[in-house]
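Inspection log for the structure reproduced underneath, given as structure tokens.
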Amino acid sequence: MKKNVIWAIAFLLIFMWMVFKPDSKDLPYFKHEPDMIQVDITGAVKKPGTYQIIRGMTLAYLIDLSGGLKEHADISNIQLGSIITNASYHIPHYQLIEEEIIKRINLNTATYSDLILIPSITENRALEILLYKKENGNFKTVEELLNVKGIGVQTFDKIKVYFFI
């Protein structure tokens, strides 16, 4: 009986060795370096320049590497999740359209401090307007400014939008 147990253990050891034995065809060890690419980014990012990134990264990752977006970055036409395929990217700025706000004042109630705030009206012209109004009474039309000393056609064309009667 002892002999049968020894044979069973030996058979079991041989069977386990055959199942779990190391494969003689081991693959050689090598280190795989990821594919690196260089990408330029310009425009509305905090640190524009050339960055080396791993192939397959997204545009959002590249923007993050470049310090993030500036305050007026226009990303409405940019897909941040897209995989980087180009050698360079440009993030545009918003095109801010500034409209000049014109404050119109009543020519007959305008004070000296109101008049000198208007572009093309110097201190002397402001005084001349007030003197004209004192000598001739209130203005009946804005075009009457042409009668004021020191205001010609060119100056009048620049300042007429600031006044009403």
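Be aware that the sequence shown starts at 1397, since it is given in my numbering, and climbs by one per residue.
We put the CB at the ideal spot given by N, CA and C, even for glycine.
Margin query: Measuring alpha carbon to alpha carbon, tell me which residue in 1457, 1490, 1448 and 1403 is nearest residue 1439.
Written below: 1490
Notebook entry, point to check: Buried or exposed: which applies to residue 1607, given that a residue is buried once 16 or more other Cβ atoms fall within 10 Å of its Cβ?
Noted result: The structure shown has nothing for residue 1607, since the chain only spans 1397 to 1561.
Checklist line | Extent of the continuous beta strand (DSSP E) run through residue 1438 | finding: 1432-1439
Notebook entry, point to check: Whole-angstrom Cβ separation of residue 1475 and residue 1461, contact assumed at under 8 Å?
Noted result: Actually they do not touch by this definition, with Cβ atoms about 17 Å apart.
Next item on the list: Taking only runs that begin and end inside the stretch 1428-1501, name each unbroken alpha helix (DSSP H) of 4 or more residues, in chain order.
Entry: 1455-1461
Check: Going by the CB atoms, is the gap between residue 1514 and residue 1555 shorter than 8 Å?
Finding: yes
Next item on the list: Use the C-beta contact count for residue 1535: other C-beta atoms within 10 angstroms, 16 or more gives buried, fewer gives exposed.
Entry: buried
Notebook entry, point to check: Taking just the CA atoms, how far does residue 1468 sit from residue 1551?
Noted result: 37 Å
Checklist line | Simplified DSSP assignment, three categories, for residue 1560 | finding: strand
Note to self: Using a Cβ-Cβ cutoff of less than 6 Å, which residues in the same chain neighbour residue 1485 once the five nearest sequence positions on both sides are dropped?
What the structure shows: 1437
Next item on the list: Have a look at 1504, 1434 and 1405 and flag the residue whose alpha-carbon is nearest the alpha-carbon of residue 1481.
Entry: 1434
Notebook entry, point to check: Where does residue 1398 fall in DSSP's three states?
Noted result: helix
Next item on the list: Kindly indicate which three-state DSSP category residue 1551 falls into: helix, strand or coil?
Entry: helix
Next item on the list: Give me the Cβ distance between residue 1510 and residue 1501, rounded to the nearest whole Å; I'm assuming they're in contact under 8 Å.
Entry: 5 Å
Item checked: Expected contact under 8 Å - CB spacing of residue 1458 and residue 1450 to nearest Å -> Actually they do not touch by this definition, with Cβ atoms about 11 Å apart.
Check: Could you give the distance in angstroms between the alpha-carbon of residue 1470 and the alpha-carbon of residue 1441?
Finding: 11 Å
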